[in-house]
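Novice: Handing you this structure, nothing more for now.
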Amino acid sequence: MASKFGDNLKKIRSAKNVSQQELADIIESHSTHISRYERNLASPSIDVAKKIAEALDVSIDTLIYGTQDEKVKNSLKDNELLNLFIRTQILTAKQQDIVKELLSAFLLKGELQKKLK
């Protein structure tokens with residue numbers, strides 16, 4: 010399921026130990042607006058979203074789509090494959106390059122086989 014702005018906002022705001030009232034004060038808004046955003050009852054204008062992103066020191070992209078890890082989890086549905094990719098993060102740079110080369114070669118082989126049929 011795709012991330013929702015309000016869910017991301019609440020998660021980021023809480024992680025940064027900023028209250029709804031503090032955030033509202035920083036962006037010159039009212040805490041009820043922040044509450045409505047976090048409950049996904051309303052969406053802020055792009056100007057307000059920009060102010061929120063600046064106040065929380067994150068990109069608007071992160072507020073809308075979530076963190077890079079969340080985007081990967083949302084786009085990669087095969088948990089086994091996702092876990093393999095996560096495990097490659099502990100490999101050395103050289104080992105990671107080898108994994109990338111192997112995957113590229115495997116995918117290229119599949120593409121060539123499709124073209125030859």
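Start counting the sequence shown at 10; every next residue gets the next number (the working numbering). Each residue gets a CB set at the ideal place from its N, CA and C atoms; glycine is no exception.
1) For a test of the three-state rule: what should DSSP assign to D56, helix, strand or coil?
2) Please name the residue in K59, K20, Y46, A51 whose C-alpha comes closest to that of I36.
3) Given this structure, state the Cα-to-Cα distance separating S40 from D16, to the nearest angstrom.
4) Taking Cβ positions, are K25 and E47 nearer each other than 7 Å?
5) Can you tell me the Cβ-Cβ gap for S54 and A62, rounded? I've got them flagged as a contact below 8 Å.
6) For the putative contact between N49 and K13, defined by C-beta atoms under 8 Å, what is the C-beta separation to the nearest angstrom?
Specialist: To lay it out plainly:
1) helix
2) When only C-alpha atoms are compared, the closest one is K59.
3) 16 Å
4) no
5) With 8 Å as the limit, S54 and A62 do not qualify as a contact, their Cβ atoms being about 13 Å apart.
6) 5 Å
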